[in-house]
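Novice:
2 protein chains.
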Amino acid sequence: MKKYNIAIVWASWAVWIEIINCLDNLKIPVNNLKLLGSKRSAWNIQQTPFWDIKIELLDENSFKNIDFALFSAGWKISEKFAPIAVKSWARVIDNSSHFRYDKNIPLIVPEINSGEIKNAKIIANPNCTTAIASVALFPIYKHFWIKKIIISTYQATSWWWAKAMQELIDSTKSYLDWQEFQNKVFSHNIAFNLIPHIDNFCENDYTKEEMKVTWETQKIFWDENIKISCTAVRIPTIRAHSESVTIETEKEINPQEVKNLLKKSPWVKVVDNIKNNTYPMPKTATWKYDIEIWRIRQNLVFWKKWLDLFISGDQLLKWAALNAVQILNEIIKTHLN
Amino acid sequence: MKKYNIAIVWASWAVWIEIINCLDNLKIPVNNLKLLGSKRSAWNIQQTPFWDIKIELLDENSFKNIDFALFSAGWKISEKFAPIAVKSWARVIDNSSHFRYDKNIPLIVPEINSGEIKNAKIIANPNCTTAIASVALFPIYKHFWIKKIIISTYQATSWWWAKAMQELIDSTKSYLDWQEFQNKVFSHNIAFNLIPHIDNFCENDYTKEEMKVTWETQKIFWDENIKISCTAVRIPTIRAHSESVTIETEKEINPQEVKNLLKKSPWVKVVDNIKNNTYPMPKTATWKYDIEIWRIRQNLVFWKKWLDLFISGDQLLKWAALNAVQILNEIIKTHLN
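The listed protein sequences derive, respectively, from chains A and B. Just add 6 to the spot in the first sequence (first one is 1) and you have the numbering used here. Just add 6 to the spot in the second sequence (first one is 1) and you have the numbering used here.
1. Just to confirm, does A:Q53 get its C-beta within under 7 Å of one of the non-hydrogen atoms of the ligand ATP?
2. Give the range of the beta strand (DSSP E) segment to which B:I128 is assigned.
3. By DSSP, does A:F316 sit in helix, in strand, or in coil?
4. Among the residues of its own chain, which have a CB less than 6 Å from the CB of B:V191, if the five just before and after it don't count?
5. If we ignore side chains and look at the alpha-carbon of each, how far apart do A:I72 and A:N50 end up?
6. Between A:F150, A:T178, A:I138, which lies nearest to A:T159 when the distance is taken from Cα to Cα?
7. How would you label B:M287, buried or exposed, when you count the other beta carbons within 10 angstroms and need 16 or more for buried?
8. Counting contacts by CB-CB distance shorter than 8 Å, is A:V331 in contact with chain B?
9. Are the region 322 to 342 of chain B and the region 114 to 131 of chain B touching, with three or more C-beta to C-beta distances below 8 Å?
10. Which residues of chain D have a Cβ atom closer than 8 Å to the Cβ of A:R240, listed in chain order?
11. For chain A, is any of its Cβ atoms less than 8 Å away from the one on B:P132?
12. Could you tell me which chain B residues have their CB closer than 7 Å to the CB of A:P5, listed as they occur along the chain?
13. Find the residues of chain A that neighbour B:F316, judging by a C-beta separation of less than 7 Å, and give them in chain order.
14. Does DSSP put B:V239 in a helix, in a strand, or in coil?
15. Quick check: what's the CA-CA separation for A:Y147 versus A:L315?
16. Please return the same chain residues whose Cβ sits closer than 7 Å to the Cβ of A:A238, not counting the five positions on each side in sequence.
17. In or out: A:T340 buried (at least 16 other Cβ within 10 Å) or exposed?
18. Could you tell me how far apart the beta carbons of A:I259 and A:F150 are, in whole angstroms, since I believe they sit closer than 8 Å?
19. Opposite B:V15 in the DSSP bridges: which residues?
20. Rounded to the nearest angstrom, what separates B:E66 and B:F87 at their Cα positions?
21. So for B:L325, helix, strand or coil by DSSP?
22. Between A:D320 and the rest of its own chain, which residues show a CB-CB distance below 7 Å, the 5 nearest in sequence each way excluded?
23. If distances are taken between C-alpha atoms only, which option among B:K109, B:F74, B:G80 comes closest to B:A96?
24. Within 8 Å (strictly less), CB to CB, does A:H194 reach chain B?
25. Mind checking which residues open and close the alpha helix (DSSP H) that includes A:D100?
26. Which residues bound the beta strand (DSSP E) around A:I6?
27. Spatial neighbours of B:N335 within its chain, please: C-beta separation below 7 Å, excluding the five flanking residues on both sides.
The structure is reproduced here in structure tokens:
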């Protein structure tokens, strides 16, 4: 079996290790594994399930003999170095938002649209909120045709920037010790608080985080007519995003049909035993590859064809690490064999 | 000026002190103030802005010479003792759910329907989520006629039972100290988690907390045709509930008109300076009498006549303490003068 040379570009420690664990768990045949970082992190040694790896400084020669380059470094690094990686014949899987809205670049959730990967040299990974919702909703979309989606999010503090999660911990400790705390990552102190503001505000007064859910779901579902309105809220949880979702379908729908459908769907877990107080929660969704879904019920405003439901998923996995490695796996299996 | 004898029945310390502070801040003319408690709390001394008060044991003779009895003790105590208070010629203002759905008992948010108080001997206070939403939405309802409401809540851990808030604090400390924690109040460990389950589940798979928002808003707005679907979620915040709300109005509506309207509305604060990162949050809404509202924008699914918006309000005040004392104030001013 052919083995591949893989580079991971400039991820935080939280994302490095998740990507590497996913490579291991999905049994990706790895020949060489490069970690490419900034001056600050280069020459650190990283322990991995494969072997110990010294982080190398990212530069224009980093991608020689690399088959796959996984970028998790923010759009500026992706903009500059993804084309360089492609010139060196690496295939790029990019976690930043830089390429997501480019018509020539596929935006992939493998459960949904892996067929669009084809020969693309650069493949974009969606935003975390979109990735989690789309995995849970696509089976319903496919069978009942979802026309409208209203989402309110409950987003955790961890994303590629581990500082954010640390700020939740530090600010919470300060609060409990009656100490002052100066927030740096978040616009306000997040300890025992919530912030209805993620990413910059757009002209229509939605945030970019909220608009990404519309733009990206339309692209992934290949359906410009699906209408989505999102309210994105940061809450003081460490990991795993949750989403309260209302959907309208074209065909009539009931919870039992949805349950039968989702139980057969990959990477989705129906968590519906309310007698045992079992429902989607960050606590149970954290570190899991499956997206938890339930609390499905007929919406009381519209009734037929409308459902309310609740989703939790580990956004560091489904967004940054697992989704990227699933894409890589798909390319190896489908396109390179 | 006539002064009144007021009894507060079996509240937790958190609610006792909020009610007493509201009596003080709203300048209610108090002659005598009785705190009526269980065997466990009776004979404790409570410091108040009026004077130190010894908590007395609640019994059938507790309401002699009492003009107003404010109940915050759960429905069983209200069911048993509210009629006894009424027989002693006290007027009862009840925070429990026991009388809320009785057609003969007015359910009052004074900003909205104080006219229904009339000569009622028992007056019910709504659920916290309903009270907060209704104060923010009623001005819009009155001018643009709201027909449909979809709500996702972000509810804090403090309610009449101070144990719940303490469990958040204790479980968070345990988490940060890498200690095990045994949850008692909540169905799961709430530290850095959320729980999409408040109160018991109903037959339609909504929780009672979610259904209360429908039932009570319809009664308070005196509109059986207003349709409401709610998802109620407990999050790890200490105090002040938030709500992500989507509304449909009968008349066309735009955010600027709503702003002009809400800026003139009592007990509501428009928090709309996104350039300064100002929006409704538990941190800023806590201890405030006003309900914070903004992030108003045209809903992207329906566009015209539909808005998305965000609300935060101190539920211990607007639900338990302030609303009850506002009702009491209304009776004194309108009906007893």
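C-beta atoms are modelled at their ideal positions from N, C-alpha and C, and glycine is treated no differently.
Specialist: The relevant details are as follows:
1. Judged by which ligands are present, the structure shown has none, so any question about the ligand ATP falls away.
2. Unbroken beta strand (DSSP E) run through B:I128: 128 to 130.
3. Under the three-state reduction of DSSP output, A:F316 falls in the strand class.
4. Around B:V191: K169, A170, E173.
5. Put simply, the backbone Cα of A:I72 is about 21 Å away from that of A:N50.
6. Ranked by how close their Cα comes to the Cα of A:T159, the residues A:F150, A:T178, A:I138 have A:I138 in first place.
7. Classification of B:M287: buried, given that the 10 Å Cβ count is 16 or more.
8. No, because no Cβ of chain B sits closer than 8 Å to the Cβ of A:V331.
9. In short, these stretches touch, since the Cβ pair count reaches three.
10. Among the protein chains of the structure shown, namely A and B, there is no chain D.
11. Judged by the 8 Å Cβ criterion, B:P132 is not in contact with chain A.
12. Look at the range of chain A in this structure, 7 to 343, and you will see that residue 5 of chain A is not part of it.
13. Annotation: Cβ neighbours of B:F316 in chain A (cutoff 7 Å, chain order): P202, T237.
14. Three-state DSSP puts B:V239 in coil, outside helix and strand.
15. So the alpha carbons of these two residues sit roughly 14 Å apart.
16. The beta carbon of A:A238 is closer than 7 Å to those of T135, T159, Q161, I204, T213, E215, E216 in its chain, skipping five residues each way along the sequence.
17. Around the beta carbon of A:T340, fewer than 16 other beta carbons lie within 10 angstroms, which makes this residue exposed.
18. With a beta-carbon spacing of about 5 Å, A:I259 and A:F150 fall inside the 8 Å limit used to define contacts.
19. According to DSSP, which records beta bridges pairwise, B:V15 is partnered with B:L42, B:F77.
20. Rounded to whole angstroms, B:E66 to B:F87 spans 7 Å at the Cα level.
21. The question names Leu, but residue 325 of chain B in the sequence shown is Trp. Assigned with DSSP and collapsed to three states, B:W325 falls in helix.
22. Apart from sequence neighbours up to five positions away, the residues of its chain that approach A:D320 with a beta-carbon distance below 7 Å are R245, A246, A291, T292, W293, K294, ordered along the chain.
23. Sorting B:K109, B:F74, B:G80 by C-alpha distance to the C-alpha of B:A96 places B:F74 at the top.
24. With a threshold of 8 Å between beta carbons, A:H194 makes contact with chain B.
25. The continuous stretches of alpha helix (DSSP H) do not include A:D100, which lies in the beta strand (DSSP E) extending over residues 97 to 100.
26. No statement about residue 6 of chain A is possible, as the shown extent of chain A runs from 7 to 343 and does not include it.
27. A distance below 7 Å between beta-carbons, with the five flanking residues on each side excluded, links B:N335 to the following residues of its chain, in chain order: L32, I34.
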